[in-house]
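So the sequences go chain by chain: G and C. So the first sequence is residues 78 to 400, counted in this note's numbering. So the second sequence is residues -3 to 497, counted in this note's numbering. Quick reminder that beta carbons are idealized off the backbone N, C-alpha and C, glycines included. The next block holds one structure in the form of C-alpha cells; read it before the comments.
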Amino acid sequence: MTITRRAILALSAAAFAAPAFAQDWPTEPVHVYVGFPAGSSPDLLARIVTEPLAEKLGQPIVVENKPGAGGVIGIQQMLANAEGGHAIGTSINGPLTTSPRLVPDLGYDVAAYIAPIALVATSPLVLAVAADSEAADLQGFVDLAKAEPGALSYGSVGQGSGAHLTAELFDAEAGVEMLHIPFTSYAEVTTSIIGHEIDAGFMAPSAAMPQVEAGKMRMLGVTSAEPFAQVPDVPVIAGNAGVPGDFKAELWNAFIAPAGTDPAVIERLNTEINAILSDETVQQKLLDMGWQAAGGSADDLAARIGADTAMWGAVIDRIEAAK
Amino acid sequence: MSAWEGILYGFGVALQPAVLVYCLLGVTLGTFIGVLPGIGAMAAISLLLPITFYITPEAALIMLAGVYYGAQYGGAVASILLRLPGTPQSAVTTLDGYPMAQQGRAGVALFTSMISSFIGSILGIVVLVVLAGWLSRAATAFGAADYAAMMILGLVAASTIGAERPMKGFAMVVFGMILGCIGTDVNSGAQRFTFGQTELMDGINLVALAMGLFGVAEVIGNIRNAERQAAPEPVSLRQMMPTRDDLRRIPFPALRGTALGSFFGALPGTGSTLSSFLAYAMERRVSRSPERFGKGAVEGVAGPEAANNAAAITAFVPTLTLGIPGDPIMALMLGALVIHGVQPGPLMLEARPEMFWGLVVSFGIGNLLLLILNLPLIGIWVSMLRIPFRYLYPAILIFVCLGVYSVRGASFDIAAVALIGMAGYLLALARFSPALLLLGFVLGPLIETNLRRAMLISRGDPMVFLERPIACGFTIATAALILVSIWQAWRRHVSKAEEGK
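Laid out in C-alpha cells, this is it:
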C-alpha cells in the first residue's frame, strides 16, 4: 500500500511519544479519541470506562468526539495527536478490520500504526423480523428465503457496516440469497421492518428489544456462539437451520493507542481496564446498553483484529465477486 | 391513562421545583445558542450530556428538550437582524425578516417571529397529545417511495421562493442538490467527489454551508461598510410594536405553518428545515399579493417560524411513541435516557408515564417561559444593531467558527466555511438565492436516497409511485402543481399579449 504523508507524520510523532516513562505516565490529562458523536453507543461505552480509569490514573480524561467516516476519523485524529504520548482511542471493530478494505485514502495501516490495548466489550446482532412475519423461527426464515432466492429483503445501517457484512456472511453460510437495502441507522431499519417495507434485518439487540417487547417485532436468532445475556431467550444461529456450528459474527469495541507507545504504558492501561471490566456494576451498565464486557490481554486483541480482518475480508471478497 | 389524567399527572412531574429549574435552564440556553450563529442544539446538548448523568431522567429529558425547542425561538433573531440564520431551520426567515429589519421594522419582525413561534409550539403540543397515535402510525406507514414522492412535491413547491427569476432559483436548487451528492453513496458505498478527504466522506457539513452562504458572505459583503453603523438611532418602543395591519397578517400564516410543521415534524428524518421552506412557499402561493414576499412580508416570517416550532414539538412523536429518533439530536436525547436505564420504545408511555406526560407538560411551561423571556429581549436584540460593524462582524466570524467547529470537532469545516463564504459572496453579487441552494442541499440527498431505495425495494418497478396510496397522492399533487403553474404562466402570457393589442 502507499504510505501517505499523514501516516508518516503519525508514525514519527508516535516515536516521540516513547521517552515518556511509564512509571510517571500520565503526566498530563489523557485524551481519548472516539470516532462517534457524544451520546452514541461507542461514546457512552467509552465514558463508562474512562470515568473510573481517570481515577485510577490520577489524571483527568478528556473524551474527544471526532465523528465521521464510520469511526475512521477518530483514529486518524488520535494518530495526528500522538505527539506527547497522551492520546489514546476507543474504536469499534470496523475501522480496525474492514475499513482498510472499504475506505480509500484511509491514512493508516492498522498493523503498523495501531497498538492494541484491550478489548472492552462485544455485542452480537439479532436477526429481527416483523411480529406478523410468515417465518415462525429461523428454520422457517431460511425455508422462505430458499423458496424464492432474492425475494426476501433485509435492511442494514450502510454498505460495509457490521449489519450488512453479517447478513452477507449469513447468506453464504445458510445458502440463501437476500436483497440488501442499505439504510443509515437502526431507527430507519426498524421503521421499515415494522412498516413491512423490508422483511428482516440484523440489528443491535438493544435497538430491536423495545419493539419486540411491544409486540411489533420478533427475534429469530442471535449471531454470537452462546446465547446473549441481554436477550437470553433468543436461540443462537450457529448450528441451527443448516447454518454451520462455527457461525459467529460479533461487533466489538476496544481501546487502542498509536504504535510506538511505551509497552509499559500499554501494559498499565490493559491492567486498569481489565480491573474496571471485572466490576459488576460496570458489567451491568454495559449490558443495559447491549454490550457484554470482554477484557483480555493486548495480544488477545491483536489476535482478534487479525482473525476478524481475515473473516470479514473473505465476506467482502464474496460481495465484490458478486458485483 | 386518559389525556386529561395524563396532563394532570404531567403537571405533578413538571412542576417539581428542581424540574422547573432545569426546564428554565434548558430553554434559556436554547434561546442563546439559537441566537448565536452556527452553535446549534446538537453541540449544546452534547455538552450538557455529562451533566444529565447526575440528575433524574425526566429532568434530563425536559432540560435537553428545552434546549432543542428553545433554539428554534432564538434561531430567528440573527436571521432577522443580520441575515445570519442562527440555525439552518431559520434560513428561510432571512427572506422577509431581514428586509423588514432594513426598513427599520426589526422589532416588528422579531415580535412576529416570537408570537408565531409560540402559536406553533402550543398548537404543536395539542397535536402531539391528540394525534400522537395517528401520527406515529403515519410515521411507520411512510415508505421510501412515499418519502421520495413527498420530497419531490416539496422541491417543486418551494423551488422558486425568494428568487428574482424562476430560472435563477432553479439553478440554485440544482446546484444545492449537486453539492449534496458529495460524500459516501448510501447504496453502493462509493466515494463521490471526496478527493481523498475522509472529512468529506459524510458530505459537506450543513452548518458550515449555511453559515458560509449566509453569515460569512454577508460579512464579506459589508467589509466596505465597516465604519458605518446599521441603525444609528435607538429604536423606540413604538417602532417595536406591530401595527394593526401587521397583527392581522399573523394568525392565518401561523396556523397554516403549524399544520405543515406538525405533520412534517412527526415524520422521522424530514424535520423542521423542510417544513419552514414549505410554509414559506405556501404563504406566497395563497397570498393575494405575492409580490410583497422577499421585501418584508410579515406572513413570510410568521408561517415558517410557526412551522419550525411546531415541527420541533411533533418531532418528539416518533421518539416518544416508537422509540425511533427522527434526527441525530433526538438520538442524542435517547442516549441520555439509556444511560439512566430508561429504554425508549413503544412501551415507554405505559412503563414510564412520568417521562411522556412530564415532557408534554414541560413543553407548555417551557414555551410560556420562552415567550416571557423573549418578548423583553426584543429591545436588547434590536439594540445589537447599534454595535458598529467593525466590532460586530469580527465577533460574528468568531461565533461562526466556534459553531461550525462544535458540530463534529473538525478544523476541516472551518476551512470549508471560509471557502463557502467566498463562494456565497460571489453568488450574492450575481443575485442568486442562497436559501434555495440550501433547500436543494437538504432535499437532494433525501430525494436521491429514498428514490433509489424505493426502486431497490420494488425491484426496479417505477409503478410503486402510483401503487402506494400515499406516494400516489403526492405524485398527483406534484403533477397538479406543475400543471397549475404552467396554466397560470400561459394565462399571464395571453393577457399580456391582449394588452399589447
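Item: Residues of its chain near P324 (chain C), where Cβ-Cβ distance is below 6 Å and the 5 sequence neighbours each way are ignored; Value: none
Item: CB contact check: I271 (chain G) to chain C, cutoff 7 Å; Value: yes
Item: Contact under 7 Å by Cβ, G436 (chain C) with L209 (chain C); Value: no
Item: CA-to-CA distance, L205 (chain C) to M197 (chain C), given in whole angstroms; Value: 16 Å
Item: Residue burial classification, G227 (chain G) (beta-carbon count within 10 angstroms, cutoff 16); Value: exposed
Item: CA nearest to the CA of L422 (chain C), picked from C:I51, C:M173, C:I410, C:E214; Value: C:E214
Item: Any chain G beta carbon closer than 7 Å to S132 (chain C); Value: no
Item: Alpha-carbon spacing of G6 (chain C) relative to I118 (chain C), whole angstroms; Value: 16 Å
Item: Beta-carbon gap between V140 (chain G) and V109 (chain G) smaller than 7 Å; Value: yes
Item: CB contact check: M147 (chain C) to chain G, cutoff 7 Å; Value: no
Item: The stretch 71 to 80 of chain C touching the stretch 310 to 321 of chain C, judged by at least three CB pairs closer than 8 Å; Value: no
Item: Proximity to G62 (chain C) [Cα-Cα], best of C:V23, C:Y18, C:W486; Value: C:V23
Item: Contact list for T261 (chain G) against chain C, beta-carbon separation under 7 Å; Value: V182
Item: Exposure of D248 (chain G), with buried meaning 16 or more beta-carbon neighbours within 10 Å; Value: buried
Item: Residue range of the beta strand (DSSP E) that includes V311 (chain G); Value: V311 (chain G) -> no beta strand (DSSP E), and no H or E assigned at all.
Item: Closer than 7 Å to chain C by CB, G145 (chain G); Value: yes
Item: Touch test, the stretch 242 to 251 of chain C against the stretch 289 to 300 of chain C, Cβ-Cβ under 8 Å, three pairs minimum; Value: yes
Item: Cβ neighbour criterion (16 or more within 10 Å) applied to T136 (chain C); Value: buried
Item: DSSP state of T199 (chain G) mapped onto helix, strand, coil; Value: strand
Item: L202 (chain C) vs E290 (chain G) beta-carbon contact at 7 Å; Value: no
Item: E303 (chain G) burial status per 10 Å Cβ neighbour count (16 or more: buried); Value: exposed
Item: Supposed contact pair Y64 (chain C) and N305 (chain C) - C-beta distance, whole angstroms, cut 8 Å; Value: Rounded, the Cβ-Cβ distance is 11 Å, inconsistent with contact.
Item: Test: P13 (chain C) CB closer than 7 Å to a CB of chain G; Value: no
Item: Short CB-CB distance (under 7 Å) between I219 (chain C) and chain G; Value: no
Item: Contact the stretch 121 to 131 of chain G vs the stretch 295 to 314 of chain G: 3+ CB pairs below 8 Å; Value: no
Item: Closer than 7 Å to chain G by CB, D142 (chain C); Value: no
Item: Length of the line joining the Cα atoms of L202 (chain G) and I382 (chain G); Value: 18 Å
Item: Interface residues of chain G facing M197 (chain C) [CB-CB closer than 7 Å]; Value: G145, A146
Item: Neighbouring residues, chain G, relative to A327 (chain C) (Cβ below 8 Å); Value: G116, S117, S262, A264
Item: Same chain only: Cβ atoms within 6 Å of E350 (chain C), ignoring 5 sequence neighbours per side; Value: V9, E54
Item: Positions along the stretch 359 to 393 of chain G whose CB lies within less than 7 Å of some CB in chain C; Value: D365, M366
Item: Pair within 7 Å by beta-carbon distance, A332 (chain C) and T48 (chain C); Value: yes
Item: Short CB-CB distance (under 7 Å) between G237 (chain G) and chain C; Value: yes
Item: Residue of C:S358, C:Y94, C:M96, C:T269 minimising C-alpha distance to L151 (chain C); Value: C:T269
Item: Under 7 Å between C-beta atoms of I58 (chain C) and L439 (chain C); Value: no
Item: 6 Å Cβ shell around G82 (chain C) - same chain, five flanking residues per side excluded; Value: G30, V31, P33, G70, G71, A74
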